[in-house]
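Beneath this line is the structure, given in structure tokens, with notes to follow.
Numbering (the working numbering), first residue to last: 44 to 379.
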């Protein structure tokens, strides 16, 4: 690990000013924010991240979970994953979020990992984490060894010829269907970013993963309330039952009326370069009964743009089945 200076941020504005102190672009910024550290410290040890300054956020009071007047929820950036997953309001009002969080990592990591840290979680691609390998996400312009290498766990949606790294977060898949607003404090004040606009697909710049710029600090998320009769759930398929990243996962929010779909949101994980919404599948199911044929057709449509690599072609069928089973689990008797 390279030497670095650790400083406690005294306020949100102090953190923003320190975070913006680096003159470099996003990909090479020498300032990093530290909350739980469950990803950052690993990457520093691997020499993937080598900041000269680390700004500690622990004392900024961003660790609160608060109900909003409209029935929604405000989640602070440094709320621990375990606290969020076990919060009664979350379990009752947003079960898909609680289930997703509890399916991620280990209990020890959930006790440290934070909401904003999970939102910004880096990929688990082995080429990104190995500095001896070519990786455009880590070293722009160096190439992508994953394309012709070990790519079993990587993305089949949202990829480019420059990067096929998958987004590893379970929480992000649930957030994709809960449609929160992300509140960011920066040099020019506070702004709000819809979750759907926050993460970027790689295209020619895989090192740019979000819309954040140096100095930007996520302070909290606000979740809108779900309809009173909405049901939600999360299904994760993986190689083993504990402490494993998804090969394919699916988050569902569903409202049915008179035997037909009134609202459905489908989020996919483990198969895409960013948290993924299956918009076409949602449109196909809107207003339709949840028959086996309708759900199967929609699930197939969700994967029609997939571009599997040499070792992950199985994910097309796995993800399709994951969608069908997730809808079946959430719909219950409404699934015909």
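Glycine residues also receive a C-beta, built at the ideal position from the N, C-alpha and C atoms.
Sequence-distant partners of residue 177 (beyond 5 residues in either direction) whose C-beta falls short of 6 Å from its own C-beta, in its chain, are 185, 186, 188. For residue 237, DSSP records a beta bridge to 224. Minimum Cα-Cα distance from residue 159 among the listed residues 118, 45, 173, 290 corresponds to 118. In this structure, residue 328 places its C-beta atom within 7 Å of the C-beta atom of residue 341.
When C-alpha distances from residue 268 are compared across 221, 276, 206, the shortest belongs to 221. Bridge pairing for residue 307: 297 [DSSP]. Assigned with DSSP and collapsed to three states, residue 265 falls in strand. Relative to residue 313, the option among 182, 260, 180, 202 whose CA is nearest is 202.
Counting of Cβ neighbours within 10 angstroms places residue 112 among the exposed residues, the total staying below 16. Within the same chain, Cβ atoms closer than 7 Å to the Cβ of residue 211 are found at 164, 166, 167, 288, the five residues on either side in sequence being excluded. DSSP places residue 277 inside the beta strand (DSSP E), whose first and last residues are 274–280.
In the same chain as residue 137, and ignoring 5 residues on each side of it, the C-beta atoms closer than 8 Å to its own belong to 116, 217, 221, 266, 269, 275, in chain order.
As the crow flies, the alpha-carbon of residue 89 is around 8 Å from that of residue 174. By the neighbour-count criterion, in which a residue is buried when 16 or more other Cβ atoms sit within 10 angstroms of its Cβ, residue 366 is buried. Ranking 79, 339, 364 by CA distance to the CA of residue 280 puts 364 first. Within 10 angstroms of the beta-carbon of residue 257 lie 16 or more other beta-carbons, which makes it buried.
When DSSP reads this structure, residue 146 sits in no beta bridge, so it has no partner. Ranking 302, 204, 233 by CA distance to the CA of residue 376 puts 302 first. Annotation: the continuous alpha helix (DSSP H) that includes residue 62 extends over 55–62. In the same chain as residue 145, and ignoring 5 residues on each side of it, the C-beta atoms closer than 7 Å to its own belong to 128, in chain order.
Residue 44 sits exposed, since fewer than 16 C-beta atoms from the chains shown fall within 10 Å of its C-beta.
For residue 110, the enclosing beta strand (DSSP E) begins and ends at 108–110.
Inclusion of residue 59 and residue 228 in the CB contact set at 7 Å is warranted, their separation being smaller than that value. Secondary structure note for residue 99: its beta strand (DSSP E) is the uninterrupted segment 96–99. In the DSSP assignment, residue 116 falls outside any alpha helix (DSSP H) and lies within the beta strand (DSSP E) extending over 116–119. Straight-line spacing of the CA atoms in residue 291 and residue 151 works out to 23 Å. Only residues of its own chain outside the window of five on either side were considered, and among them 116, 117, 118, 119, 122, 126, 127, 130, 132, 133 have a CB closer than 8 Å to the CB of residue 108, listed in chain order. Beta-bridge pairing by DSSP links residue 291 to 280. With fewer than 16 neighbouring CB atoms inside 10 Å of its own CB, residue 237 falls in the exposed class. Residues of the same chain with a CB within less than 6 Å of the CB of residue 294, apart from the 5 flanking positions on each side, are 139, 216, 217, 220, 277, 310 in chain order.
Beta-bridge analysis with DSSP links residue 203 to 206. As the crow flies, the alpha-carbon of residue 326 is around 21 Å from that of residue 223.
Residue pairing for residue 242: DSSP places it in a beta bridge opposite 253.
Here residue 181 carries a coil assignment [DSSP, helix/strand/coil]. Where residue 77 is concerned, there is no enclosing alpha helix (DSSP H), although the beta strand (DSSP E) around it starts and stops at 74–77. Comparing alpha carbon positions, the residue from 198, 205, 368, 231 closest to residue 356 is 198.
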